[in-house]
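Engineer: What follows is a single structure, and I will ask about it in a moment.
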Amino acid sequence: MLASLVYRFGIPGTTVHRPADVLANGQVMLLHEHLLDEIGGFAAVATANAEDVALARRIVADGRPFGFFEAREAASVKMYRSGVEVWRGWPRSLALADGQSRLRTNLQLSLMLLAQGLPLPICLLKLFGRALPRPLFEVNLALLAVRLGVLAGMRRAYLNRRWWYWLSPLADLPVLIEIWRRAARRRHSWRGRTILVGGMQ
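If you count the sequence shown from 1, you need to add 125 to reach my numbering.
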């Protein structure tokens, strides 16, 4: 699931000036208090699905830069206790649709599907004897090589990496389908509360 963010926003370590380029992690987030006050505090994003990203996008839309950086030496966090919790919780917010149009979200998810979700299945079809146009196979083989490079680069993000980490590309397609499914919903459950994205109509 983390790979979906790398595909959309690249590696950490940059400062952005456009709301569409913003990525944030609310678990470890530093803000000047006056910036928070200027945009109306957390109340301004009370109906957001991913309030950390929505908050950051509001700050950038107000003309302030926002950065996303690695902080391995400063903090470590544990988002979920099990794979089941990851599946139930994380896809809810990974579409990062707050503060942007449905069209833009669908375009981003479509590109993720083409670049991340489909290359492995297409290459497997070729491996098992399915006739495919050569350019289609070669493009997807190159995209699969990129995916393996992303996998190798992301390994430092996990302190207690297990062997099944290396099998995570097998989950790309179902993960992206689930992210897309969650993005289409307005009502979400999160840690005992119900979130209605955008509030009451």
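Beta carbons: idealized from backbone N, C-alpha and C, even for Gly.
Bear in mind that the values here come from a model prediction, so they are computed numbers and not experimental data.
Using only the alpha-carbon positions, how far apart do Ala-168 and Ser-226 sit?
Structural biologist: Here the question's residue 168 lines up with position 43 in the sequence shown. Here the question's residue 226 lines up with position 101 in the sequence shown. Roughly 21 Å between the two C-alpha positions.
Engineer: So what does DSSP say about Arg-141, is it helix, strand or coil?
Structural biologist: In the sequence shown, counting from the first residue as 1, residue 141 sits at position 16. Sequence check: residue 141 is Val here, not Arg. If DSSP states are grouped into helix, strand and coil, Val-141 belongs with the strands.
Engineer: CB Leu-161 to CB Met-279, shorter than 8 Å?
Structural biologist: For the purposes of this step, residue 161 is identified with residue 36 of the sequence shown, where counting begins at 1. For the purposes of this step, residue 279 is identified with residue 154 of the sequence shown, where counting begins at 1. Not closer than 8 Å, so no.
Engineer: Would you report the Cα separation of Arg-229 and Lys-251, rounded to the nearest angstrom?
Structural biologist: What you label residue 229 is simply residue 104 of the sequence shown in a count that begins at 1. What you label residue 251 is simply residue 126 of the sequence shown in a count that begins at 1. Going by the C-alpha atoms only, they are around 32 Å apart.
Engineer: Compute the distance between the beta-carbons of Pro-246 and Leu-298, then report whether it is under 8 Å.
Structural biologist: On the sequence shown, position 121 is the one that residue 246 refers to. On the sequence shown, position 173 is the one that residue 298 refers to. Result yes, Cβ atoms of Pro-246 and Leu-298 sit closer than 8 Å.
Engineer: Which residue wins for smallest C-alpha separation from Val-141, given the options Gln-152, Pro-258, Ala-277 and Val-178?
Structural biologist: Numbered from 1 along the sequence shown, position 16 holds the residue referred to as residue 141. Out of Gln-152, Pro-258, Ala-277 and Val-178, Val-178 has the C-alpha closest to the C-alpha of Val-141.
Engineer: State the Cα-Cα distance for the pair Glu-195 and Phe-134, rounded to the nearest angstrom.
Structural biologist: Position 70 of the sequence shown, counted from the first residue, corresponds to residue 195. Position 9 of the sequence shown, counted from the first residue, corresponds to residue 134. Approximately 14 Å between the Cα atoms of the pair.
Engineer: At 4 residues or longer, and completely inside the segment 230-297: list those alpha helix (DSSP H) runs for me, N to C.
Structural biologist: Qualifying alpha helix (DSSP H) stretches, in chain order: 244-252 and 259-279.
Engineer: According to DSSP, what are the bridge partners of Phe-193?
Structural biologist: On the sequence shown, position 68 is the one that residue 193 refers to. Thr-139, per the DSSP bridge assignment.
Engineer: Measuring alpha carbon to alpha carbon, tell me which of Glu-176, Ile-302, Ala-296 and Thr-139 ends up nearest Gln-233.
Structural biologist: By one-based count along the sequence shown, residue 233 stands at place 108. Answer by Cα proximity: Ile-302.
Engineer: Is it true that the CB of Val-147 sits closer than 8 Å to the CB of Ala-181?
Structural biologist: Here residue 181 refers to the residue found at position 56 when the sequence shown is read from its first residue. Here residue 147 refers to the residue found at position 22 when the sequence shown is read from its first residue. Result yes, Cβ atoms of Ala-181 and Val-147 sit closer than 8 Å.
Engineer: Just the Cα atoms here: how many angstroms apart are Cys-248 and Leu-261?
Structural biologist: In the sequence shown, the residue the question calls residue 248 occupies position 123. In the sequence shown, the residue the question calls residue 261 occupies position 136. Going by the C-alpha atoms only, they are around 9 Å apart.
Engineer: Per DSSP, what kind of secondary structure is Ser-207 in: helix, strand or coil?
Structural biologist: What you label residue 207 is simply residue 82 of the sequence shown in a count that begins at 1. If DSSP states are grouped into helix, strand and coil, Ser-207 belongs with coil.
Engineer: To the nearest angstrom, report how far apart Ala-175 and Ser-218 are at their CA atoms.
Structural biologist: Sequence index remark: in the sequence shown, residue 175 carries index 50 (1-based). Sequence index remark: in the sequence shown, residue 218 carries index 93 (1-based). Rounded to the nearest angstrom, the two C-alpha atoms are 5 Å apart.
Engineer: By DSSP, does Val-131 sit in helix, in strand, or in coil?
Structural biologist: As a first step, residue 131 must be located in the sequence shown, where it is residue number 6. Here Val-131 sits in helix by DSSP.
Engineer: Rounded to whole angstroms, what's the CA-CA distance from Gly-214 to Arg-307? Just pull it up for me.
Structural biologist: The residue given as residue 214 occupies position 89 in the sequence shown. The residue given as residue 307 occupies position 182 in the sequence shown. Near 10 Å, if we compare the C-alpha coordinates of Arg-307 and Gly-214.
Engineer: Is DSSP giving Gln-326 helix, strand or coil here?
Structural biologist: Taking the sequence shown and counting its residues from 1, the one referred to as residue 326 is at position 201. For Gln-326, the pLDDT reaches just 38, beneath the cut-off of 50, and the residue's location in the model is therefore unreliable, leaving the point undetermined.
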